[in-house]
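Quick note on our numbering: the sequence shown kicks off at 18 and runs consecutively.
Scroll down for the structure; my scribbles are underneath it.
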Amino acid sequence: MEIDLKKLFQSDAFERLNVELDLSGVELGGAKPFCAPVRVEARLRGFAGSVELSARVEYTMSMPCDRCAEPVVRDYTKEFSHTLVRESQEDTAEFITVPGERLDLDALVLEDLLMDSPGQFLCREDCKGLCPSCGKNWNEGMCACGAPQTDPRLEVLRQLL
Ligand SMILES: [Zn+2]
Ligand SMILES: [Zn+2]
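Okay, structure coming up:
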């Protein structure tokens with residue numbers, strides 16, 4: 018979604034946006050996490066030559082658990098703010114250049130979400146993962162394949178050595 022900022026760059030106008038973005042085609046680590054529409058509530062205010070954007074983003078991420086590959090679905094709410102400028106300065110987290118006074122809202126929101134996304138997705142903190150030998154999900158019980166299973170107590174000792 019593109020937003021024309023011409024009016025805002027020229028005055029101290031104020032605009033409120035309430036939109037849903039479709040980011041369902043975005044891939045992250047082989048998965049497409051944004052299966053549901055991303056809801057954006059944004060406020061835009063013009064200042065002499067720049068536009069202040071603050072946004073509240075509500076979204077759902079669906080990612081496979083890093084250990085057991087079961088889908089992990091979580092809802093998030095994030096708040097972002099940026100200063101939008103016309104002149105091509107170097108983009109930083111704070112200053113975003115908008116060529117042609119048009120803001121690509123999808124691209125900006127996506128960047129914010131990805132920058133903020135957790136480095137690890139786990140179905141639960143203590144997910145036991147899959148047996149490396151037979152692939153059984155150890156959260157559902159131990160397998161019978163005979164793969165050596167480390168005793169968590171010994172594991173702690175081993176890490177101290
Ligand atoms: Zn898991
Ligand atoms: Zn096994």
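By construction, the Cβ of each residue, glycine as well, lies at the ideal position given by its N, Cα and C atoms.
Report task. Kindly indicate which three-state DSSP category A48 falls into: helix, strand or coil? Result -> Per DSSP, reduced to three states, the secondary structure at A48 is strand.
Report task. Counting only the same chain and skipping the five closest in sequence on each side, list residues whose C-beta sits under 7 Å from that of W155. Result -> K145, G146, L147 and C148
Query raised in the report: Is E16 near ligand 1, going by C-beta to nearest heavy atom under 7 Å?
Result: Nothing can be reported for residue 16: it is not among the residues displayed for the chain, which extend from 18 to 178.
Query raised in the report: Expressed to the nearest angstrom, what Euclidean distance is found between the alpha-carbon atoms of N35 and S71?
Result: 12 Å
Query - Contact check, T114 vs V102, beta carbons under 8 Å - result: yes
Requested in this report: Give the secondary structure of V115 by DSSP, where H, G and I count as helix, E and B as strand, and everything else as coil.
Outcome: V115 falls in the coil class under three-state DSSP.
Requested in this report: Please confirm whether any heavy atom of ligand 2 lies closer than 7 Å to the CB of K145.
Outcome: no
Query raised in the report: Hey, is L38 close to ligand 1, as in C-beta under 7 Å from one of its heavy atoms?
Result: no
Report task. Check the DSSP bridge columns for R91 and list the partner residues they point to. Result -> M78
Report task. Assuming F112 and G66 form a contact by the criterion Cβ under 8 Å, report the distance between their Cβ atoms to the nearest whole angstrom. Result -> Between G66 and F112 the Cβ distance is about 12 Å, and since that is not below 8 Å, they are no contact.
Query raised in the report: Looking at the structure shown, is E142 part of a helix, part of a strand, or coil, going by DSSP?
Result: coil
Query raised in the report: How far does the alpha helix (DSSP H) with L127 in it reach, from first residue to last?
Result: L122 to D133
Report task. Please check the pair L120 and L22, which I expect to be a contact at CB under 8 Å, by giving their CB distance rounded to whole angstroms. Result -> 6 Å
**Report entry** Beta-carbon contacts of F97 that lie in its chain and below 6 Å, excluding the five residues immediately before and after
**Finding:** A72 and D129
Query - Residues that S28 bridges to, as DSSP identifies them - result: According to DSSP, which records beta bridges pairwise, S28 is partnered with nothing at all.
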